[in-house]
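S.K.:
Residue numbers (the numbering used here): 407 to 518.
(1) Which residue wins for smallest C-alpha separation from residue 452, given the options 409, 436, 425?
(2) Check whether the Cβ atoms of residue 428 and residue 414 sit closer than 9 angstroms, and answer yes or no.
(3) When burial is assigned at 16 or more other CB atoms within 10 Å of the CB, is residue 519 buried or exposed?
(4) Sorted by chain position, which residues of the same chain lie with C-beta nearer than 6 angstroms to residue 432's C-beta, five sequence neighbours on each side aside?
(5) Whose C-beta lies closer than 6 angstroms to the C-beta of residue 439 among residues of the same chain, with five residues either side of it excluded?
(6) Going by DSSP in three states, residue 451 sits in which element: helix, strand or coil?
(7) At the level of alpha carbons, what is the spacing between residue 474 and residue 412?
(8) Specify the secondary structure class of residue 482 as computed by DSSP and reduced to three states.
(9) So, is residue 449 buried or exposed, given that buried needs 16 or more other C-beta atoms within 10 angstroms?
(10) Let me check one thing: in DSSP terms, what residues is residue 414 bridge-paired to?
(11) Where residue 471 and residue 463 are concerned, what is the direct C-alpha to C-alpha distance, given to the nearest angstrom?
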């Protein structure tokens, strides 16, 4: 597998066709491979997949482009959100207590 360093979308005005060009790197050397695609939509899908992927590679034996994605641990995110809500709730309660005590102080002051 060769690491993909860059991706380029090309429209050939004479041949009226779309292609994708991959910039590949292996062992310190760069190589370029061009593949024809059906149209602009296919080229756009490949570019989006490349941009969203955490890793991408080209397998010269099979001709496959492989895009890898990191999966988020949704349980971990939920726990962080719960902690943030707990901390935020405590701060809101203490602010309400301060407001209540301010109102009580106003009521207790002697009128002169």
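Note that beta-carbon positions come from the ideal geometry of N, C-alpha and C, so glycine has one too. Treat the numbers as computed from the prediction; the structure is a model and nothing was measured.
M.R.: Judging by the given coordinates:
(1) 425
(2) yes
(3) Outside the displayed range of the chain (407 to 518) lies residue 519, so it cannot be described from this structure.
(4) 408
(5) 428
(6) helix
(7) 15 angstroms
(8) helix
(9) buried
(10) 427
(11) 6 angstroms
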